[in-house]
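Numbering (this note's numbering), first residue to last: 30 to 195.
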(Lines of atoms letter the chains of each structure in order from A and count residues from 1; the text may use other names and numbers.)
(Lines give C-alpha, C1' and ligand atoms only; values in the text may rest on other atoms or scores of the structure.)
Protein backbone atom coordinates (compact mmCIF):
# COMPACT_ATOMS: atom_id res chain seq x y z
CA UNK A 1 0.00 0.00 0.00
CA UNK A 2 2.79 2.43 0.96
CA UNK A 3 4.75 1.57 -2.19
CA UNK A 4 1.67 2.31 -4.31
CA UNK A 5 1.24 5.69 -2.61
CA UNK A 6 4.91 6.52 -3.17
CA UNK A 7 4.59 5.56 -6.83
CA UNK A 8 1.47 7.69 -7.22
CA UNK A 9 3.07 10.74 -5.62
CA UNK A 10 6.23 10.30 -7.70
CA UNK A 11 4.14 9.94 -10.84
CA UNK A 12 2.28 13.16 -10.05
CA UNK A 13 5.58 14.97 -9.56
CA UNK A 14 6.90 13.52 -12.79
CA UNK A 15 3.84 14.50 -14.83
CA UNK A 16 5.33 17.90 -15.55
CA UNK A 17 7.72 16.09 -17.89
CA UNK A 18 6.38 13.24 -19.97
CA UNK A 19 8.34 10.05 -19.41
CA UNK A 20 7.72 6.74 -21.04
CA UNK A 21 8.27 4.41 -18.09
CA UNK A 22 5.87 4.72 -15.13
CA UNK A 23 7.52 2.16 -12.83
CA UNK A 24 11.11 1.99 -11.62
CA UNK A 25 13.36 -0.76 -12.91
CA UNK A 26 15.24 -0.85 -9.61
CA UNK A 27 14.57 0.44 -6.10
CA UNK A 28 17.44 0.89 -3.68
CA UNK A 29 16.99 1.39 0.03
CA UNK A 30 19.89 2.80 2.06
CA UNK A 31 21.32 0.70 4.85
CA UNK A 32 19.36 1.37 8.05
CA UNK A 33 22.46 0.42 10.04
CA UNK A 34 24.45 3.03 8.14
CA UNK A 35 21.88 5.72 8.89
CA UNK A 36 21.37 4.74 12.53
CA UNK A 37 24.96 4.08 13.66
CA UNK A 38 26.19 7.71 13.64
CA UNK A 39 22.95 8.88 15.30
CA UNK A 40 23.23 6.15 17.93
CA UNK A 41 26.79 7.14 18.83
CA UNK A 42 25.83 10.82 18.91
CA UNK A 43 22.78 10.14 21.07
CA UNK A 44 24.85 8.08 23.51
CA UNK A 45 27.33 10.92 23.88
CA UNK A 46 24.61 13.55 24.24
CA UNK A 47 22.67 11.36 26.67
CA UNK A 48 25.80 10.93 28.79
CA UNK A 49 26.37 14.69 28.75
CA UNK A 50 22.74 15.29 29.71
CA UNK A 51 23.02 12.91 32.66
CA UNK A 52 26.37 14.30 33.75
CA UNK A 53 25.13 17.90 33.43
CA UNK A 54 22.04 17.19 35.51
CA UNK A 55 24.08 15.32 38.07
CA UNK A 56 26.65 18.12 38.42
CA UNK A 57 23.94 20.76 38.59
CA UNK A 58 22.28 19.04 41.52
CA UNK A 59 25.62 18.27 43.14
CA UNK A 60 26.71 21.94 43.06
CA UNK A 61 23.39 22.98 44.58
CA UNK A 62 24.31 20.72 47.53
CA UNK A 63 21.22 18.60 47.03
CA UNK A 64 21.71 15.13 48.40
CA UNK A 65 21.04 12.66 45.62
CA UNK A 66 19.41 9.41 46.62
CA UNK A 67 19.84 6.27 44.59
CA UNK A 68 16.22 6.47 43.47
CA UNK A 69 16.73 10.03 42.21
CA UNK A 70 19.90 9.06 40.32
CA UNK A 71 18.04 6.14 38.79
CA UNK A 72 15.17 8.40 37.70
CA UNK A 73 17.66 10.75 35.98
CA UNK A 74 19.16 7.77 34.14
CA UNK A 75 15.71 6.51 33.09
CA UNK A 76 14.67 9.97 31.83
CA UNK A 77 17.92 10.29 29.88
CA UNK A 78 17.39 6.83 28.40
CA UNK A 79 13.83 7.70 27.36
CA UNK A 80 14.95 10.91 25.63
CA UNK A 81 17.67 9.02 23.73
CA UNK A 82 15.30 6.16 22.84
CA UNK A 83 12.67 8.60 21.54
CA UNK A 84 15.24 10.43 19.39
CA UNK A 85 16.50 7.13 17.95
CA UNK A 86 12.97 5.95 17.24
CA UNK A 87 12.22 9.14 15.32
CA UNK A 88 15.45 8.76 13.34
CA UNK A 89 14.60 5.13 12.55
CA UNK A 90 11.17 6.15 11.25
CA UNK A 91 12.86 8.66 8.92
CA UNK A 92 15.50 6.11 7.83
CA UNK A 93 13.04 3.46 6.69
CA UNK A 94 11.22 5.95 4.43
CA UNK A 95 14.24 6.74 2.25
CA UNK A 96 14.28 5.09 -1.16
CA UNK A 97 16.14 5.69 -4.42
CA UNK A 98 14.20 4.85 -7.58
CA UNK A 99 16.03 4.00 -10.81
CA UNK A 100 14.25 4.31 -14.13
CA UNK A 101 15.65 3.62 -17.58
CA UNK A 102 16.40 7.31 -18.27
CA UNK A 103 16.38 9.00 -14.85
CA UNK A 104 16.54 8.50 -11.12
CA UNK A 105 14.51 9.83 -8.19
CA UNK A 106 16.60 10.57 -5.11
CA UNK A 107 16.28 12.95 -2.17
CA UNK A 108 13.06 14.43 -3.50
CA UNK A 109 14.25 15.36 -6.98
CA UNK A 110 14.56 13.86 -10.44
CA UNK A 111 17.99 13.44 -12.01
CA UNK A 112 18.43 12.59 -15.68
CA UNK A 113 21.30 10.15 -16.31
CA UNK A 114 22.46 12.22 -19.27
CA UNK A 115 23.04 15.24 -17.00
CA UNK A 116 25.37 13.37 -14.63
CA UNK A 117 28.99 14.33 -15.31
CA UNK A 118 30.88 11.80 -13.23
CA UNK A 119 30.16 9.24 -10.55
CA UNK A 120 32.27 8.89 -7.44
CA UNK A 121 31.93 6.55 -4.44
CA UNK A 122 33.26 7.90 -1.14
CA UNK A 123 33.55 6.36 2.30
CA UNK A 124 33.86 8.17 5.60
CA UNK A 125 34.85 6.74 9.00
CA UNK A 126 31.27 5.82 9.88
CA UNK A 127 30.82 4.28 6.44
CA UNK A 128 33.67 1.87 7.20
CA UNK A 129 31.93 0.74 10.40
CA UNK A 130 28.51 0.33 8.80
CA UNK A 131 29.88 -1.05 5.49
CA UNK A 132 28.20 1.64 3.42
CA UNK A 133 29.31 4.32 0.96
CA UNK A 134 28.05 7.57 -0.51
CA UNK A 135 27.72 7.74 -4.28
CA UNK A 136 28.14 11.27 -5.65
CA UNK A 137 26.39 11.76 -8.97
CA UNK A 138 28.29 14.82 -10.11
CA UNK A 139 26.64 18.00 -8.89
CA UNK A 140 23.17 16.53 -9.26
CA UNK A 141 22.65 14.33 -6.19
CA UNK A 142 24.28 12.22 -3.51
CA UNK A 143 23.05 8.74 -2.64
CA UNK A 144 24.04 8.44 1.02
CA UNK A 145 24.41 5.28 3.10
CA UNK A 146 24.18 2.93 0.14
CA UNK A 147 25.16 -0.64 1.04
CA UNK A 148 28.82 -1.00 0.08
CA UNK A 149 28.55 -3.06 -3.03
CA UNK A 150 30.56 -2.68 -6.19
CA UNK A 151 27.55 -3.98 -8.11
CA UNK A 152 25.42 -0.92 -7.27
CA UNK A 153 28.18 1.49 -8.26
CA UNK A 154 28.76 -0.42 -11.50
CA UNK A 155 25.01 -0.57 -12.17
CA UNK A 156 24.68 3.22 -11.90
CA UNK A 157 27.72 3.71 -14.14
CA UNK A 158 26.17 1.43 -16.77
CA UNK A 159 22.86 3.33 -16.66
CA UNK A 160 24.65 6.66 -17.07
CA UNK A 161 26.86 5.46 -19.93
CA UNK A 162 23.85 3.91 -21.71
CA UNK A 163 21.90 7.18 -21.37
CA UNK A 164 24.80 9.20 -22.77
CA UNK A 165 25.15 6.87 -25.77
CA UNK A 166 21.52 7.38 -26.80
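Glycine included, C-beta positions come from ideal geometry on N, C-alpha and C.
Secondary structure, alpha helix (DSSP H): runs of 4+ residues fully inside the region 79-135 | List check, alpha helix (DSSP H) in window: 96-121.
Along the alpha helix (DSSP H) that carries residue 53, what are the first and last residues, could you check?
-> It is not in any alpha helix (DSSP H) - residue 53 carries neither H nor E in the DSSP assignment.
Residue 157 by DSSP, collapsed to three states: which one?
-> Under the three-state reduction of DSSP output, residue 157 falls in the helix class.
Check whether the Cβ atoms of residue 59 and residue 173 lie closer than 8 Å to each other.
-> It is a contact, given that the beta carbons lie within the stated cut-off.
Use the C-beta contact count for residue 39: other C-beta atoms within 10 angstroms, 16 or more gives buried, fewer gives exposed.
-> No answer about residue 39 holds up, because its pLDDT of 48 lies below 50 and its placement is not dependable.
Is the beta carbon of residue 128 less than 8 Å from the beta carbon of residue 70?
-> Going by beta carbons, residue 128 and residue 70 fall outside the 8 Å limit.
Simplified DSSP assignment, three categories, for residue 60 | Three-state result, residue 60: coil.
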